[in-house]
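Residue numbers (the UniProt record's numbering): 1 to 317.
Cβ atoms here follow ideal geometry from the backbone N, Cα and C, with glycine treated the same way.
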């Protein structure tokens with residue numbers, strides 16, 4: 001039995017009709033009827049979704065709906081946020097677009113629903129500051145030979161940025177978790193879940209020097225040798241509060257925003273990878289995110305940064 005072809009498919013295959021606005025109105029009305037008849041949404045919600053869809057259809061223009069990707073949707077949501085729309089309204093638009101693509105998927109118009117990966121506005125607002133690559137370079141060079149444990153601190157900061165690990169994950173790293181010859185380490189994340197994380201040459205060199213020149217001295221202080229990699233002055237495992245204070249101390253030394261925290265290096269790690277062309281799923285795996293929607297927020301951050309750069313430097317921006 002031949003698969004039913006939707007009006008939208010026929011419209012897209014035959015090219016633009018004589019009255020594009022009528023076709024857009026038809027798509028809109030069919031979707032709203034779906035919300036009314038099958039989803040049983042309230043009239044006010046349907047009206048609000050209709051407004052959201054009008055904005056989206058106007059933004060899409062002549063682009064085929066089956067060619068829309070999550071990056072396009074993130075860009076659209078970014079324009080809503082930057083236009084001054086209230087956060088609650090942007091969050092509602094996320095839900096509206098997700099529902100619209102679910103409808104298109106049910107109709108057979110699209111094979112996948114890219115809106116499933118769309119992050120909510122509240123997640124965008126929680127994003128801490130992301131360091132530029134120049135700031136990262138300054139920050140990683142902040143420890144000096146005059147600092148009591150500068151070798152440890154350099155290694156620790158390098159690991160934070162090189163792996164994107166959480167502060168708690170870095171503090172719980174054990175020496176046996178390292179496979180430096182294979183350029184990766186084993187990280188234990190939330191819920192005790194373990195993952196293998198790649199690590200670069202500069203971080204490896206910093207770890208090796210710290211282990212050769214300082215860690216043994218610190219590990220000899222407590223009665224029982226510790227397993228953890230990064231140790232405090234007493235020879236016990238460095239905790240999250242100590243790590244947080246060290247990050248704040250070195251950020252202040254090089255004149256970086258006081259809001260920077262260990263988590264900022266994790267955000268910078270992800271943003272810089274995506275800016276360099278890394279695949280979103282690969283970044284998700286490295287960060288240990290259970291849901292790719294959490295990783296998706298970095299696409300929005302990078303897009304916003306590029307827009308600011310364009311507006312600042314392009315002569316016709």
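Residue i (DSSP reduced to helix, strand or coil)
i	result
residue 187	strand
residue 195	strand
residue 93	helix
residue 22	Since pLDDT at residue 22 reaches only 40, below the 50 mark, its modelled position is unreliable, and the value read off the structure follows with that caveat. Note: residue 22 maps to helix in three-state DSSP.
residue 116	helix
residue 67	helix
residue 261	coil
residue 174	strand
residue 237	strand
residue 246	helix
residue 280	helix
residue 268	helix
residue 131	coil
residue 81	helix
residue 232	coil
residue 146	coil
residue 291	coil
residue 111	coil
residue 298	helix
Proximity of residue i and residue j at Cβ, strictly below 8 Å
i	j	result
residue 114	residue 73	yes
residue 164	residue 269	yes
residue 149	residue 250	no
residue 28	residue 61	no
residue 160	residue 225	no
residue 295	residue 280	yes
residue 256	residue 131	yes
residue 231	residue 218	yes
residue 240	residue 187	no
residue 96	residue 162	no
residue 195	residue 288	yes
residue 56	residue 31	no
residue 35	residue 65	no
residue 189	residue 208	no
Local Cβ density within 10 Å of residue i, reported as buried at 16 or more and exposed below that
i	result
residue 112	exposed
residue 212	exposed
residue 272	buried
residue 254	exposed
residue 191	exposed
residue 298	buried
residue 267	buried
residue 158	buried
residue 143	buried
residue 2	With a pLDDT of 47 at residue 2, under the threshold of 50, the modelled position of this residue cannot be trusted, and the question is left open.
residue 377	Residue numbering for the chain in the displayed model covers 1 to 317; residue 377 lies beyond these limits and cannot be assessed.
residue 167	buried
residue 355	Because the chain is modelled from 1 through 317, residue 355 falls outside the range shown and cannot be assessed.
residue 106	exposed
residue 264	buried
residue 135	buried
Supposed contact pair residue j and residue i - C-beta distance, whole angstroms, cut 8 Å
i	j	result
residue 235	residue 259	Going by Cβ atoms, the distance from residue 235 to residue 259 rounds to 32 Å, so no, they are not a contact pair.
residue 110	residue 101	6 Å
residue 52	residue 98	Their Cβ separation, rounded to whole angstroms, is 11 Å, which puts residue 52 and residue 98 out of contact at 8 Å.
residue 155	residue 237	Not quite, the Cβ-Cβ distance comes to about 14 Å (not below 8 Å), so this is no contact.
residue 292	residue 284	5 Å
residue 227	residue 174	4 Å
residue 214	residue 199	The Cβ separation is near 19 Å, so there is no contact.
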